[in-house]
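All remarks here apply to the structure that follows.
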């Protein structure tokens, strides 16, 4: 049975790049939750080398909402070999990149607000609830590795070193302080419930750029990875390289990112 990975928030950006890398470069099984499956398919077909035939073979989709516990649960329980009589199998890994998007505040020209300022907290709470239900029903020792995409500038846990370069500190600690509360709450929830998983990896990319399109050839920039003790500070990182880092360092290796379990991993050029 192939190694299976559930993706949440995969219609664009970092998670889309991670999903595309898995589809292109492995024989793993991908399962993705999407409110609009066609939107996910369209985004993946923009990736180089991905065709309808590849998607039909390598990707299973669940139509639903990441804040709905039942939808999340259906995504986590991979149905082996498409056999309805088979025992549902909990996925081996989870990647979640759900986050709010900025939109112009009604009645203003240059003031922006997040479309759903609590979406990350809500989806993480649903994930934890779904995992608890699965463990209570299956009584299995199998636990997935979970990787969530957060951000630098949260200054948690207490005593962590500054992970934002000086030139971005006003932006991150003042202008983005309010939307970052949602990411901070996500980190708290996932950390408090770490026992539900084999490992928890919190990735904290610096300021994101690009569209998440995977580079299959040519020279790629070197991604630096740091931790709370020695963070990697930088001004930019492409969404495609964040997704590529998750693929190369968490999903692809035989140990599936064990060296990063329990860490908040800052990513920058």
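Numbering (this note's numbering), first residue to last: -17 to 251. C-beta atoms are modelled at their ideal positions from N, C-alpha and C, and glycine is treated no differently.
query                                                                                                                           : result
Cross-strand partners of residue 43 (DSSP beta bridge)                                                                          : 14
Alpha-carbon spacing of residue 244 relative to residue 114, whole angstroms                                                    : 20 Å
Buried or exposed (CB count within 10 angstroms, at least 16 for buried), residue 78                                            : buried
Residue 205 beta carbon less than 8 Å from that of residue 249                                                                  : yes
Exposure label - residue 225; buried when at least 16 CB within 10 Å                                                            : buried
8 Å contact criterion, which residue 5 and residue 36 should meet: CB distance rounded                                          : 6 Å
Minimum C-alpha distance to residue 48 - residue among 23, 30, 18                                                               : 18
Beta-carbon contacts of residue 0 that lie in its chain and below 6 Å, excluding the five residues immediately before and after : 77, 225, 228, 229
Below-8 Å beta-carbon distance, residue 14 vs any chain B residue                                                               : In summary, chain B is missing from the structure at hand, where a single protein chain is found.
As assigned by DSSP and simplified to three states, the class of residue 93                                                     : With a pLDDT of 49 at residue 93, under the threshold of 50, the modelled position of this residue cannot be trusted, and the question is left open.
Contact check, residue 182 vs residue 108, beta carbons under 8 Å                                                               : no
Status (buried if at least 16 other CB within 10 Å, exposed otherwise) for residue 217                                          : exposed
CB-CB length for residue 125 against residue 180, believed under 8 Å                                                            : 4 Å
Neighbourhood of residue 214 by C-beta, 7 Å cutoff - its chain only, sequence neighbours within 5 removed                       : 206, 207, 208, 248, 249, 250
N-terminal and C-terminal residue of the alpha helix (DSSP H) that residue 102 is part of                                       : 101 to 120
Buried/exposed call for residue 27, threshold 16 Cβ in 10 Å                                                                     : exposed
DSSP three-state assignment for residue 232, whether helix, strand or coil                                                      : helix
For residue -12, the first and last residue of its enclosing beta strand (DSSP E)                                               : -14 to -10
Contact under 8 Å by Cβ, residue 199 with residue 99                                                                            : no
Whole-angstrom C-beta distance between residue 22 and residue 12, which should lie under 8 Å                                    : Residue 12 to residue 22, Cβ: 11 Å. No contact.
Residues bridged to residue 200 [DSSP beta-bridge criterion]                                                                    : According to DSSP, which records beta bridges pairwise, residue 200 is partnered with nothing at all.
Buried/exposed call for residue 121, threshold 16 Cβ in 10 Å                                                                    : exposed
Residue 223 burial status per 10 Å Cβ neighbour count (16 or more: buried)                                                      : buried
Nearest-angstrom Cα separation, counted from residue 240 out to residue 133                                                     : 21 Å
Residue burial classification, residue 30 (beta-carbon count within 10 angstroms, cutoff 16)                                    : exposed
Simplified DSSP assignment, three categories, for residue 209                                                                   : coil
Reference residue 150; option with closest CA among 143, 189, 170, 32                                                           : 189
Residues that DSSP places opposite residue 78 in a beta bridge                                                                  : -10, 130
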